[in-house]
Structures are given as structure tokens and as C-alpha cells.
Amino acid sequence: MMKNKGTVRHRRLSLKVFLTASLLVVSLVTFVSVFFLTSSIYRKSHVRQAQNTARGLATQVTDSLLQLMNKGWSREKLLRLFDPVLNANADIPMRITLLRAPVVVALFGPARGDRPDPEMARVLATGRPTREEQGYVIRRIVPIRARQECLSCHTNAKEGTILGVLKLEQDLGPAIHAHLVKLLLLFLLLAPVPVLLAVLIAYYTTAKVHKAVVLLRDNITRVNSVHDLTTLDLGGERTEFVELNQILSEVDTLVDKMKDTAVDRQLLEFEVRLLESFLITSEVVRDWKEHVANLLLQFNEVMEAYALFSIFKVGEEHYDLEIFWRNRPSEETGRQFDRIVQKRVSEQVDPDFFPEIKTSHTIVDPTGPEIDLPISEIELQVKSIFLRQPKIGGIVGIGIQSGLSEEIGGSLMIEGVLTT
27 MMKNKGTVRH RRLSLKVFLT ASLLVVSLVT FVSVFFLTSS IYRKSHVRQA
77 QNTARGLATQ VTDSLLQLMN KGWSREKLLR LFDPVLNANA DIPMRITLLR
127 APVVVALFGP ARGDRPDPEM ARVLATGRPT REEQGYVIRR IVPIRARQEC
177 LSCHTNAKEG TILGVLKLEQ DLGPAIHAHL VKLLLLFLLL APVPVLLAVL
227 IAYYTTAKVH KAVVLLRDNI TRVNSVHDLT TLDLGGERTE FVELNQILSE
277 VDTLVDKMKD TAVDRQLLEF EVRLLESFLI TSEVVRDWKE HVANLLLQFN
327 EVMEAYALFS IFKVGEEHYD LEIFWRNRPS EETGRQFDRI VQKRVSEQVD
377 PDFFPEIKTS HTIVDPTGPE IDLPISEIEL QVKSIFLRQP KIGGIVGIGI
427 QSGLSEEIGG SLMIEGVLTT
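Going from the sequence shown to the numbering used here is simple: count from 1 and add 26.
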């Protein structure tokens with residue numbers, strides 16, 4: 027079955043699974059690396075120690091051999107003397123082999139069991155000691171040379187003549203294998219620790235990320251209109267991760283840009299209704315107060331407003347100030363509002379043109395709660411309209427009282443209301 031063109035399927039991977047798997051892989055690689063590194067260091071150290079032991083033991087056996095043979099000891103008795111040393115460590119089997127040189131064989135005959143291997147024969151011929159490593163088996167072969175005190179028995183030799191060869195052989199395999207097994211068991215016992223730490227780190231990290239995601243999701247879920255963008259503020263909410271904080275900061279920047287450019291759907295619908303209000307009929311002219319009252323109620327469906335006002339010229343020097351209240355104002359609020367209106371109007375039109383103003387208040391919904399506003403909360407936005415040939419009285423100004431004129435699209439909508 028063909029897929030739709032442009033459709034791209036992405037594999038979804040949980041951050042928790044990704045972190046856990048990554049940390050487990052790192053732990054496994056670290057575990058294996060440390061195990062092999064430790065094993066290598068242990069093997070090298072064990073081999074080096076065995077070499078030093080073999081060198082010292084070979085010197086000791088050679089010196090003891092010459093001294094004890096001078097006392098008349100036999101070969102078998104001499105080898106039995108070193109049995110405690112050879113069997114001191116059962117994990118590292120050691121074996122000593124002696125081979126007679128021809129000058130000794132000529133006087134005393136070959137020793138029982140003499141079967142020289144090629145390496146011993148080479149040392150016997152060259153007189154140079156050798157060291158051989160085959161796997162974990164270490165062999166050290168040294169020549170035994172005659173001293174002055176040996177010549178009394180070995181009459182056919184002279185000082186420095188090779189009387190025999192000593193081979194010391196050690197098998198480190200069993201000991202190293204046993205220690206590596208113990209080391210592996212120790213690592214296996216400790217293996218759950220990095221696994222547990224990996225899981226805990228993954229859960230801790232994803233919990234912090236999930237907290238940031240939930241914070242962002244909750245804030246976005248509350249946004250059902252452009253008006254709700256004013257409540258979307260992530261500036262005070264930060265996580266413990268710099269990268270997540272950078273993402274939240276970018277979201278804040280995006281929200282700020284949306285606040286500057288977006289227009290609410292309700293505002294657009296209200297503007298459409300305002301355009302319909304431009305169709306002025308004789309009925310609207312006759313019942314203009316009812317028309318303005320309905321306009322105030324419609325405005326409150328989108329943005330909260332307390333009052334509208336307009337000024338009409340009723341004579342050569344008389345102006346009527348009509349104030350439309352959404353609900354009944356308190357006495358102090360009405361007086362302060364009237365004073366602020368006249369002050370704002372005087373800023374738009376020279377007060378000499380209206381020496382006398384008659385104020386009239388209209389309550390649109392007298393059943394609502396009383397409007398009681400302090401002076402600091404009374405805000406006016408005034409728009410002056412001058413008509414060269416006014417057909418409806420003499421409109422010189424119209425204004426609105428609202429505490430929300432700075433909201434998203436608020437100024438645009440208020441301008442539309444004032445023009446209407």
C-alpha cells in the first residue's frame with residue numbers, strides 16, 4: 027500500500043528509555059574495560075613477581091648446591107631440601123631440574139632420570155643463562171660453574187668449568203585463573219550498582235524534563251484566546267537544566283511576539299458587528315441612545331468597559347455630555363468620572379468653544395453591581411471626530427472608560443468603537 031506523498035514516519039523514542047539505554051551501554055563498556063584493564067595489570071604484576079622469585083630462588087639453589095655438595099650431600103638429598111620452598115604455594119607449582127655436565131658424568135656417571143631438553147642442552151653448551159615464557163609457564167635455566175672448593179672432588183675440572191645446569195620452572199596458570207575468577211565474581215556482584223545508578227539518573231533527569239513539559243503544556247492548554255496569552259508567562263518557572271531553560275526562554279520570546287501580532291477571533295467578530303453598526307438608519311438616529319447602550323453591552327462581551335461618553339452640540343454655545351454607564355456608579359465615581367471626562371475633552375477641543383456643558387447619565391443595566399472605582403483605576407481613551415457637515419448634531423468627541431486598553435488588540439477594538 028502506497029503511503030501519502032510527503033508523509034514521514036518518525037520513530038518515537040522515550041527520553042527515559044534513551045537515557046537508561048545510553049547509561050547502561052556506558053556502564054557496560056566501562057565495566058568490560060575496567061575488568062580487562064585490571065586483569066591485564068594483575069597478570070603483568072603476577073608474572074613480574076614470579077620472575078623475580080625465580081631469579082632469587084635460582085641463585086639460592088645454586089649457592090646452596092655448591093655448599094652442600096662440599097659437605098658430601100647427595101643429589102636426591104639436596105633436592106628434598108628445597109621441597110618446602112617448592113610446595114609453599116599450591117596455586118603456583120614449581121619444579122627444579124638438575125642436569126650433569128660431561129665432566130661430572132665422566133667421574134660419577136649420569137644421574138638417574140637425566141633427560142635434557144633442548145634449552146638445557148643449549149645453556150650447557152653456551153654457558154649463558156636463559157629465561158623463557160610460554161603462556162603462563164616461566165622457565166629460568168642457569169649454568170652451575172665450578173669454584174675453587176669444588177676442584178677437590180671434581181679433579182677433571184678447573185675453576186669456571188660448567189658442572190651442570192639448573193632449570194627452575196613455574197606454572198602461573200592455575201593461580202592467575204583462580205584470581206581472575208574471583209575478580210570476575212566481584213565485578214558481577216558490583217554490576218547491579220551501575221545499572222541501578224543508570225536507572226536512577228534516567229528517572230531523575232526525565233522527571234525534571236517532564237516537569238518542564240507539564241509546565242509548558244499546562245500554560246498552553248489555558249490559552250483559548252489571544253486574551254489568555256497575557257497569563258502565559260514562563261519567566262518565573264525554571265528547571266535545573268540550562269538547555270531546558272533556554273527552550274523556555276525561547277517560548278517566552280515567541281509568546282511576546284504573538285502578543286504583538288495576534289488578533290483574537292472574538293475581537294474580529296466584534297469588529298464585524300461594528301461595521302454593521304455603520305449602517306445608520308432613521309431608526310438609529312431616532313433611538314441613538316439605545317444604540318449606544320447596546321454597543322456598550324456588546325463591547326463588554328469581548329472586553330470589560332465601564333462607560334461610554336459623547337458630547338453633542340445642542341445650541342450655539344451649549345454642549346450636552348452624555349455618559350452611558352454599564353451599571354449604576356457610586357456618587358463619588360460619577361463625580362470623578364465627570365470631572366476627568368471634561369478634562370480629557372478640554373485636551374482635545376478648545377474649552378472656549380463650549381463654555382457650558384450639561385451632563386446627563388444613562389444607566390444601561392441598573393440591576394448590576396454598583397461601579398465604585400478609585401481615581402487611579404479610571405482610564406479614558408478619547409477620539410476626536412470633526413465633521414465638516416455634521417448631520418447628527420455636532421459630534422466633537424467620544425471616549426471610553428476601561429482598564430484594559432493595553433491588552434492584545436484592545437486599542438484596535440476601542441478605536442473601532444469610538445469611531446462607531
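Even glycine gets a Cβ: it sits at the ideal position worked out from N, Cα and C.
Since this is a predicted model, take the numbers as computed values, not measurements.
Alpha-carbon to alpha-carbon, residue j and residue i
{"i": "Phe-57", "j": "Ala-217", "result": "8 angstroms"}
{"i": "Tyr-162", "j": "Phe-213", "result": "23 angstroms"}
{"i": "Val-235", "j": "Leu-270", "result": "8 angstroms"}
{"i": "Pro-392", "j": "Ile-349", "result": "14 angstroms"}
{"i": "Leu-198", "j": "Ile-164", "result": "8 angstroms"}
{"i": "Lys-193", "j": "Ser-53", "result": "46 angstroms"}
{"i": "Lys-143", "j": "Arg-157", "result": "Strictly speaking, residue 143 in this sequence is Asp, with Lys absent from that position. Roughly 14 angstroms between the two C-alpha positions."}
{"i": "Pro-355", "j": "Tyr-345", "result": "23 angstroms"}
{"i": "Phe-397", "j": "Gln-368", "result": "Looking at the sequence itself, residue 397 is Ile, so the reference to Phe does not match. Going by the C-alpha atoms only, they are around 20 angstroms apart."}
{"i": "Arg-243", "j": "Arg-352", "result": "37 angstroms"}
{"i": "Val-318", "j": "Thr-279", "result": "40 angstroms"}
{"i": "Arg-74", "j": "Glu-159", "result": "11 angstroms"}
{"i": "Gln-86", "j": "Val-168", "result": "12 angstroms"}
{"i": "Glu-145", "j": "Gly-135", "result": "22 angstroms"}
{"i": "Thr-88", "j": "Thr-123", "result": "12 angstroms"}
{"i": "Ile-227", "j": "Ala-47", "result": "11 angstroms"}
{"i": "Lys-315", "j": "Thr-265", "result": "56 angstroms"}
{"i": "Val-277", "j": "Lys-237", "result": "16 angstroms"}
{"i": "Val-43", "j": "Tyr-229", "result": "9 angstroms"}
{"i": "Leu-177", "j": "Glu-185", "result": "7 angstroms"}
{"i": "Glu-330", "j": "Val-239", "result": "33 angstroms"}
{"i": "Val-281", "j": "Phe-325", "result": "26 angstroms"}
{"i": "Ala-151", "j": "Val-219", "result": "59 angstroms"}
{"i": "Pro-395", "j": "Arg-365", "result": "23 angstroms"}
{"i": "Asn-250", "j": "Lys-283", "result": "17 angstroms"}
{"i": "Glu-357", "j": "Arg-248", "result": "39 angstroms"}
{"i": "Val-55", "j": "Ile-273", "result": "32 angstroms"}
{"i": "Ala-183", "j": "Val-207", "result": "52 angstroms"}
{"i": "His-72", "j": "Ala-147", "result": "29 angstroms"}
{"i": "Ser-372", "j": "Gly-360", "result": "18 angstroms"}
{"i": "Asn-245", "j": "Ala-224", "result": "32 angstroms"}
{"i": "Val-328", "j": "Val-390", "result": "17 angstroms"}
Coil, strand or helix - residue i by DSSP
{"i": "Ala-333", "result": "strand"}
{"i": "Thr-85", "result": "helix"}
{"i": "Pro-144", "result": "helix"}
{"i": "Pro-355", "result": "strand"}
{"i": "Thr-46", "result": "helix"}
{"i": "Lys-409", "result": "Per-residue confidence for Lys-409 stands at a pLDDT of 48, beneath the threshold of 50, marking its modelled position as unreliable; the derived number appears in the next sentence. Strand."}
{"i": "Ser-40", "result": "coil"}
{"i": "Arg-74", "result": "helix"}
{"i": "Glu-266", "result": "coil"}
{"i": "Gln-415", "result": "With a pLDDT of only 45 at Gln-415, under 50, the local geometry of the prediction cannot be trusted, and the value read off the model is given with reservation. Reduced to three states, the DSSP call for Gln-415 is coil."}
{"i": "Arg-248", "result": "coil"}
{"i": "Gly-360", "result": "helix"}
{"i": "Cys-176", "result": "helix"}
{"i": "Ala-183", "result": "coil"}
{"i": "Leu-154", "result": "According to the sequence displayed, residue 154 carries Arg and not Leu. Arg-154 falls in the coil class under three-state DSSP."}
{"i": "Gly-199", "result": "helix"}
Residue i - partner residues in DSSP beta bridges
{"i": "Leu-214", "result": "Beta-bridge pairing links Leu-214 to no other residue."}
{"i": "Lys-193", "result": "Thr-123, Ile-167"}
{"i": "Phe-350", "result": "Leu-334, Thr-388"}
{"i": "Ile-397", "result": "Pro-355"}
{"i": "Gln-368", "result": "BP columns for Gln-368 are empty, so no partner."}
{"i": "Gln-160", "result": "Val-163"}
{"i": "Ile-188", "result": "Arg-171"}
Within 8 angstroms, strictly: CB atoms of residue i and residue j
{"i": "Val-149", "j": "Val-191", "result": "yes"}
{"i": "Arg-121", "j": "Ile-202", "result": "no"}
{"i": "Thr-388", "j": "Leu-347", "result": "no"}
{"i": "Leu-63", "j": "Thr-232", "result": "no"}
{"i": "Asp-399", "j": "Tyr-332", "result": "The amino acid occupying residue 399 in the given sequence is Leu; Asp does not appear at that position. Yes. Within cutoff."}
{"i": "Ile-67", "j": "Ala-127", "result": "no"}
{"i": "Leu-323", "j": "Leu-334", "result": "no"}
{"i": "Val-221", "j": "Leu-50", "result": "yes"}
{"i": "Gln-362", "j": "Ile-401", "result": "yes"}
{"i": "Thr-209", "j": "Ser-65", "result": "It should be noted that the sequence gives Leu, not Thr, for residue 209. Contact flag set, yes."}
{"i": "Leu-133", "j": "His-180", "result": "yes"}
{"i": "Ala-84", "j": "Arg-154", "result": "no"}
The ligand NAD heavy atom lying under 7 angstroms from the CB of residue i
{"i": "Gln-196", "result": "Among the components modelled here there is no ligand, and therefore nothing to report on the ligand NAD."}
Between the region 76 to 86 and the region 170 to 188, do at least 3 Cβ pairs fall closer than 8 angstroms? no
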